[in-house]
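The next block holds one structure in the form of structure tokens; read it before the comments.
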Amino acid sequence: MNKIVLVGINSQFIHTNLAIRYLKSYVEKYSDLKIELYESNINNQVQSIITDLFNLDADHYIFSTYIWNKEYVFRIIKELRKIRPDVTITLGGPEVSYNAKESLLENGAIDYVLIGEGEKVLYNFLVENDKLQRGVATLKNGEFIYNGDEFPIENLDTIPFPYTENELKENIKILYYESSRGCPFSCSYCLSSIDKGVRYWSLERVKTDLKKFLDSGVELVKFVDRTYNLRKERYLGIWEFLLENYKENVTFHFEINANIFDDEIIEFLKKVPEGYFQFEIGVQSINKDTMNSINRRNLLERLRYNIKAISKNVHLHVDLIAGLPHDTYETFKDSFDYVYDLDAEMIQLGFLKILSGTKISKEIEEYDYKYMEFPPYEILSNCFINYTELVKMKNLEKMLDFYYNSEKFKNSVKYIIDNHYDRPFTFFEEIAEYYEKNNLLGVGHKIVAIFNHLVKFYKEKNFIGKDIFIEYLKLDYLLLGKPGAYPEWFISKKDKEKYNEIVVEKNFSSTREAYKKTEFEKFEYDVLNHRVDTIEIFFNYSNKKPKLEIFK
354 MNKIVLVGIN SQFIHTNLAI RYLKSYVEKY SDLKIELYES NINNQVQSII TDLFNLDADH
414 YIFSTYIWNK EYVFRIIKEL RKIRPDVTIT LGGPEVSYNA KESLLENGAI DYVLIGEGEK
474 VLYNFLVEND KLQRGVATLK NGEFIYNGDE FPIENLDTIP FPYTENELKE NIKILYYESS
534 RGCPFSCSYC LSSIDKGVRY WSLERVKTDL KKFLDSGVEL VKFVDRTYNL RKERYLGIWE
594 FLLENYKENV TFHFEINANI FDDEIIEFLK KVPEGYFQFE IGVQSINKDT MNSINRRNLL
654 ERLRYNIKAI SKNVHLHVDL IAGLPHDTYE TFKDSFDYVY DLDAEMIQLG FLKILSGTKI
714 SKEIEEYDYK YMEFPPYEIL SNCFINYTEL VKMKNLEKML DFYYNSEKFK NSVKYIIDNH
774 YDRPFTFFEE IAEYYEKNNL LGVGHKIVAI FNHLVKFYKE KNFIGKDIFI EYLKLDYLLL
834 GKPGAYPEWF ISKKDKEKYN EIVVEKNFSS TREAYKKTEF EKFEYDVLNH RVDTIEIFFN
894 YSNKKPKLEI FK
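Structure below.
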């Protein structure tokens, strides 16, 4: 029997490839074939991966191909073909599905491309003697051969659970899960808009699967459903099940449309324990012309109300896309400020990608798109925004990660914006300019350096209220954990004798442990109540989230 290896080249070490696991479980359930999995990531050396694949000594390698790994996969298979000329090499996944002919012509190492939903296509391809089944493309004497698409699987419950018992016992930090396929929306930039209709795993099947995750010790389960909250009775049923089976130290991540939450859902979500749910919400833009152009509909007041209502206990990621039609550099500022005001834990600033098969890929001439002709096919300019402006947004994105998404500067940055800026965008724009002017953008920074640069930026801007700003910055610094050392701007004013008295009263196993897991500091400004007054704070780092206790 031929040896078959499914290859997943992930974007990061902590990721697991859900697609190859579904493919393996489906083929093995309905045939006598056995399939091995091989996973690596794009940060590993190509030579190392080629050696691994060569040593597996397979007859057939099947690669899962995406926008983030296409170039990497293409390089690997070219070299693999040189040392294993007799091997069969097949590619599947969205990055080759929508341009199979071009992929086959571009890389002569490819024997076959699998198109569309993979389980049935791969099963038929491997089981049947005639390889040219529906959903399989190849070149024969230079001619493109394709017999049409395979029909999607109607009953998704026939697809087995993708993870083995051993994998669940390994306590992998992040696992991906799918409870539906398809998307009813038609966003012009998204590949999901091509496949119409939505199919679901049954509610009972999903509950059975989720119980396995809850019992496994996994830290984060990310639902890959394109829009999770479509059928209220169904998605609420899943959430109710998760709440009934609540378990600490696990988080469930969902991509949701927050426009369509009603008051019943809002009230339910207020009962969910903090950190148990995590939502990714695509705003993308608030420009009406842009939203009309990309076929999106945001009810901005309702969206704001819903997000604010659930923000206290649900961890929120909100998405923006730069480079969309009709969005200029100036109009994008409004979208940024709108999203910033939502007070989500993370603002994910992405840049438009021109993907084959999408509506926006057919509007290249209309909007004069210039974009990279290799993955990730990111926009360079269009008739609304130029390359210089997009580079400024790229720099701003780095500052957003440093000073917002890290959640390490919540108090100090808020103080700066509230007291010295008319709008949040301008702060991130100006600190990005500061980093660029001082040649700081292209180098790595330890967290202390990022704190220090914020102090230098504050001084350079000659803002008033520096003493109060430093007090907020001290609070942010101490919220990171027990300091190993103090930066030069951090002048500690703690009463050491009082600190010792407090430590003695606490129930620690030893004084050494107490000092290791706590800190005490005096502030010349009440940074918790935002008023002129002195305040002393005892920081307890025993748990994941520091606990603060006020002493007068």
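Numbering (the working numbering), first residue to last: 354 to 905.
Glycine is no exception: its CB is placed at the ideal position from the N, C-alpha and C atoms.
Apart from the five residues on each side of it in sequence, which residues of its chain come closer than 6 angstroms, Cβ to Cβ, to residue i?
i, result
"glutamate 902", "Phe891"
"isoleucine 415", "Leu359, Thr443"
"isoleucine 855", "Phe891"
"asparagine 598", "Leu567"
"asparagine 989", "Since the first residue shown for the chain is 354 and the last is 905, residue 989 is missing from the structure and cannot be characterised."
"valine 574", "Leu528, Tyr530, Phe566, Phe605"
"lysine 846", "Lys875"
Please work out which residues of its chain come closer than 8 angstroms, Cβ to Cβ, to residue i, disregarding the five sequence neighbours upstream and downstream, and give them in chain order.
i, result
"glutamate 824", "Phe876, Glu877, Tyr878, Val880"
"lysine 812", "Lys819"
"aspartate 848", "Phe873, Lys875, Glu889"
"glutamate 782", "Lys745, Leu749"
"lysine 526", "Ile367, Val571, Glu572, Leu573"
"asparagine 394", "Ile362, Asn363, Ser364, Gln365, Phe366, His368"
Does the Cβ of residue i have 16 or more other Cβ atoms within 10 Å, making it buried, or fewer, making it exposed?
i, result
"leucine 652", "exposed"
"threonine 517", "exposed"
"arginine 374", "buried"
"alanine 925", "Since the first residue shown for the chain is 354 and the last is 905, residue 925 is missing from the structure and cannot be characterised."
"serine 569", "buried"
"glutamine 400", "exposed"
"isoleucine 663", "buried"
"glycine 635", "buried"
"arginine 650", "exposed"
"serine 688", "buried"
"asparagine 860", "exposed"
"isoleucine 913", "With the chain covering 354 to 905 only, the question about residue 913 has no answer from this structure."
"lysine 706", "buried"
"alanine 838", "exposed"
"leucine 457", "buried"
"glutamate 858", "exposed"
Starting from the C-beta of residue i, find all residues in its chain whose C-beta is less than 7 angstroms away, skip the five residues before and the five after it, and write them out in chain order.
i, result
"asparagine 659", "Ala611, Phe614, Ile619"
"asparagine 355", "Asp412, His413"
"valine 489", "Tyr465, Leu467, Val474, Phe478"
"tyrosine 379", "Glu472, Tyr476, Ile512, Pro513"
"threonine 871", "Val856, Phe891, Phe892, Asn893, Tyr894"
"lysine 898", "none"
"isoleucine 402", "Ser393, Ile429"
Starting from the Cα of residue i, find the closest Cα among the options and give me that residue.
i, options, result
"asparagine 500", "Lys493, Arg487, Leu479", "Arg487"
"lysine 761", "Met699, Leu458, Ile463, Gly628", "Met699"
"asparagine 896", "Asn602, Ile403, Asn792", "Asn602"
"glutamate 617", "Arg552, Tyr588, Glu627", "Tyr588"
"lysine 493", "Glu472, Gly461, Leu705", "Gly461"
"phenylalanine 514", "Lys564, Phe497, Asp483", "Lys564"
"leucine 749", "Asn764, Asn772, Pro777", "Pro777"
"glycine 703", "Leu733, Asp405, Gln637", "Gln637"
"lysine 712", "Ser541, Ser417, Tyr730, Ser532", "Ser541"
"isoleucine 506", "Trp554, Tyr530, Asp483", "Trp554"
"arginine 437", "Glu503, Val480, Asp410", "Asp410"
"aspartate 510", "Glu531, Ile388, Leu521", "Glu531"
"tyrosine 852", "Ser863, Glu874, Val625", "Glu874"
"isoleucine 738", "His679, Leu826, Glu731", "His679"
"isoleucine 717", "Ser393, Asn735, Pro729, Phe755", "Asn735"
"glutamate 389", "Tyr724, Gly837, Ile395, Asn408", "Asn408"
"isoleucine 817", "Glu850, His806, Ile770, Lys827", "Ile770"
"glutamate 841", "Asp694, Lys809, Ile498", "Lys809"
"tyrosine 629", "Arg655, Lys641, Lys665", "Lys665"
"threonine 779", "Val671, Lys814, Lys869", "Lys814"
"serine 417", "Gly469, Asn396, Glu455, Thr404", "Gly469"
- Query: Any contact of the segment 580-600 with the segment 552-561, i.e. 3+ C-beta pairs under 8 angstroms?
  - Reply: Here the segment 580-600 makes contact with the segment 552-561; the two share three or more CB pairs at distances below 8 angstroms.
- Item | Minimum length 3: unbroken beta strand (DSSP E) runs contained in the segment 490-540 | Counting only runs of 3 or more residues that sit fully inside the segment 490-540, the beta strand (DSSP E) segments are 496-499, 527-530, 533-535, in chain order.
- Is the number of C-beta pairs between the segment 637-651 and the segment 601-609 that are closer than 8 angstroms three or more? Verdict: no, contact absent.
- Query: Unbroken alpha helix (DSSP H) runs of length 4 or more, entirely within the segment 378-417: which are they?
  - Reply: Counting only runs of 4 or more, we get 399-409.
- If we count Cβ pairs, one from each stretch, closer than 8 angstroms, do we get three or more for the segment 577-590 versus the segment 670-685? No, the segment 577-590 is not in contact with the segment 670-685.
- Message: Does the contact criterion of 3 or more C-beta pairs under 8 angstroms hold for the segment 435-454 versus the segment 415-426?
- Response: The segment 435-454 makes contact with the segment 415-426; the number of CB pairs closer than 8 angstroms reaches 3 or more.
- Item | Start-end ranges of the beta strand (DSSP E) lying completely within the segment 856-883, minimum 3 residues | Within the segment 856-883, the runs of beta strand (DSSP E) at least 3 residues long that lie entirely inside it are, in chain order, 871-876.
- Message: Three Cβ pairs or more, each shorter than 8 angstroms: is that satisfied between the segment 757-772 and the segment 816-832?
- Response: Enough Cβ pairs lie closer than 8 angstroms, so yes.
- Task: Go through the segment 613-667 residue by residue and report every complete run of the beta strand (DSSP E) that reaches 3 residues or more, in order.
- Result: Segments of the beta strand (DSSP E) lying fully in the segment 613-667: 630-637.
- Does the pairing of the segment 671-680 with the segment 735-750 give three or more beta-carbon distances under 8 angstroms? Flag = yes, the segment 671-680 and the segment 735-750 touch.
- Task: Enumerate, from N- to C-terminal direction, the unbroken beta strand (DSSP E) stretches of 3 or more residues contained entirely within the segment 418-496.
- Result: Taking only runs of at least 3 residues, the beta strand (DSSP E) segments lying wholly in the segment 418-496 are 441-445, 465-467, 489-493.
- Only counting runs of 4 or more residues, tell me where the alpha helix (DSSP H) segments fall wholly within the segment 670-730, in order along the chain. The qualifying runs are 682-694.
- For the segment 555-590, list the alpha helix (DSSP H) runs that are entirely contained and at least 4 residues long, ordered along the chain. Taking only runs of at least 4 residues, the alpha helix (DSSP H) segments lying wholly in the segment 555-590 are 556-567.
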